[in-house]
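Chemist:
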Amino acid sequence: MRAQEIMTDPSYKGQFVAFTCPHIGNVGINTEDMESDKCHLGGIIVRDLSVTVSNYRSSMTLEEYCKKENVMGISDLDTRALTKALRDTGCLVGVLTTDESKADAECVAMAKSWTIVGKDLLSVVTCEKPYEWRQPTDAEWEFAPKMKASSRDTPFHVVAYDFGIKLNILRRLASFGCRITVVPATWPAAEGDPSAAPYAVNNAKAILGKKPVFGICMGHQILGQAFGGKTFKLKFGHHGGNHPIRAPQGRIEVSAQNHNFAVDPATLPAGVEVSHINLNDGTCAGMVWADKRAMTIQYHPEASPGPHDADVCFEQFVEWMRAERAAPATV
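Structure follows, in structure tokens:
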């Protein structure tokens, strides 16, 4: 997974990211691969920071970008040893500081005072007002031309709730023939804890059964609660671009994931099918409530960065909308 897309992914809001690849920054930063308009990380941790850049699209180095975004970074750290420690302990809270006067005990106290549980980060990362999106995936990077062409004649209007939405999700929807209106998380009235955002769950409940609904990542967790289920915090979280998923019809997908919470299948009502399973730990990775015309996945089908295996989910959502449009009106 490339550093730039991770750094601009709103679901990493306030978190430190340690890159296990030992050499980071060799392709620099460009304007085309941003997933939002700014860096959302609390800090970046690398083994070796590249001092040179080799990329025809690069406009600045990673170090220059961190300075521009006022994001702290640390290098020359054994990130693989850190990763092994995190595998044993689970996700930890840390402190990055340039203040050498702070004692270790003070830094530990600062770390212990912070938690992601109960934090409403949706209201922080969401847009301030609705806006229209029409830009599809650039032809140079389009990897599903046949699926794109099959849906080009159906300009469905999709209202996308911004719970920290990535730009490539919008590009993929536009590539499949959708006209998108992005609205704030609180409309019409991030990764964080979905139970801390009851307004988003209430909005989802109001929509269910009226129009086809597709929940991605945080949207999956919010819809899980709207279905009547509960979410819980994972010990390790799911992060990275190589998580195996068992999809419908026995198909195996490799997925890009970034979340710290999961939906508890045991709390879901009758009628909700767990459609996708994370093969690493058996957690729920997708749901379908056919009667409500709602589908979800707990990972990133837009592949920015990551594999393209789940791009078919966008086509499935468009097919649901096409069927909705073709269905006879009921009184």
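Just so we're aligned, residue 1 is where the sequence shown starts under full-length UniProt numbering, counting upward by one. Even for Gly, the Cβ is constructed at its ideal location relative to N, Cα and C.
Quick one: measure Cβ to Cβ for S75 and V93, integer angstroms, because I've assumed they're closer than 8 Å.
Modeler: Their Cβ separation, rounded to whole angstroms, is 21 Å, which puts S75 and V93 out of contact at 8 Å.
Chemist: At which residues does the alpha helix (DSSP H) containing A174 begin and terminate?
Modeler: 167-175
Chemist: If we ignore side chains and look at the alpha-carbon of each, how far apart do K230 and A310 end up?
Modeler: Distance between the alpha carbons of K230 and A310 is about 25 Å.
Chemist: Looking at the strands, I want to know which residues DSSP matches up with E69.
Modeler: DSSP, once it has assigned bridges, lists no residue as partnering E69.
Chemist: Would you mind sorting N258 into buried or exposed? The rule is 16 or more other CB atoms within 10 Å of its CB.
Modeler: buried
Chemist: If you measure between the beta carbons of V263 and G224, is that distance less than 7 Å?
Modeler: Contact flag set, yes.
Chemist: Near K235, what residues of its chain come up, given a Cβ to Cβ distance below 7 Å and the 5 sequence neighbours on each side ignored?
Modeler: G90, listed in sequence order.
Chemist: For R325, count neighbouring Cβ atoms within 10 angstroms of its own Cβ and tell me buried if that reaches 16, exposed if not.
Modeler: exposed
Chemist: Comparing alpha-carbon positions, which option in A266, P244, G250, R251 lies nearest F227?
Modeler: A266
Chemist: Alpha carbon to alpha carbon, what distance is there between S11 and K292?
Modeler: 27 Å
Chemist: When you compare the stretch 126-142 with the stretch 102-110, are there three or more beta-carbon pairs, one atom per stretch, that lie closer than 8 Å?
Modeler: No, because fewer than three Cβ pairs between the stretch 126-142 and the stretch 102-110 fall closer than 8 Å, the two stretches do not touch.
Chemist: Is the distance from the Cβ of E302 to the Cβ of R179 below 7 Å?
Modeler: no
Chemist: When you compare only the Cα positions, how much space is there between V95 and K233?
Modeler: Using only the alpha carbons, I get a separation of about 21 Å.
Chemist: Only counting runs of 4 or more residues, tell me where the alpha helix (DSSP H) segments fall wholly within the stretch 216-251, in order along the chain.
Modeler: 218-227
Chemist: According to DSSP, is E319 part of a helix, a strand, or is it coil?
Modeler: helix
Chemist: When you compare only the Cα positions, how much space is there between residue 384 and Q298?
Modeler: Given that the chain is displayed from residue 1 to residue 331, the structure contains no residue 384 and the question cannot be resolved.
Chemist: For A270, is the classification buried or exposed, using 16 other Cβ atoms within 10 angstroms of its Cβ as the cut-off for buried?
Modeler: Flag for A270 reads exposed.
Chemist: Tell me where the beta strand (DSSP E) around A294 begins and ends.
Modeler: Its beta strand (DSSP E) spans residues 294-297.
Chemist: Return helix, strand or coil for A190, following the three-state DSSP convention.
Modeler: With a pLDDT of 45 at A190, under the threshold of 50, the modelled position of that residue is not reliable, and the figure given next carries that caveat. Note: A190 maps to coil in three-state DSSP.
Chemist: Near D78, which residues of its chain fall below 8 Å by C-beta distance, leaving aside the five closest residues on each side in sequence?
Modeler: Here the set comprises R47.
Chemist: Return yes when the Cβ of L62 is within less than 7 Å of the Cβ of A18, no when it is not.
Modeler: no
Chemist: Comparing C-alpha positions only, which one of A256, A285, F317 sits nearest to P307?
Modeler: A256
Chemist: Note down the Cα distance separating D120 from H243, rounded to an integer number of angstroms.
Modeler: C-alpha separation (whole angstroms): 27 Å.
Chemist: From the DSSP output, in three-state form, read off S50 for me.
Modeler: Three-state DSSP puts S50 in coil, outside helix and strand.
Chemist: In this structure, how does DSSP classify I116 when only helix, strand and coil are distinguished?
Modeler: coil
Chemist: Go ahead and label D9 buried or exposed: buried means 16 or more other beta carbons lie within 10 angstroms of its beta carbon, across all protein chains shown.
Modeler: When all chains shown are included, D9 counts as buried.
Chemist: Quick one: what's got a C-beta closer than 8 Å to A327's C-beta in the same chain, skipping five residues either side?
Modeler: If we look at A327 and ignore the five residues flanking it on each side, it has no Cβ neighbours.
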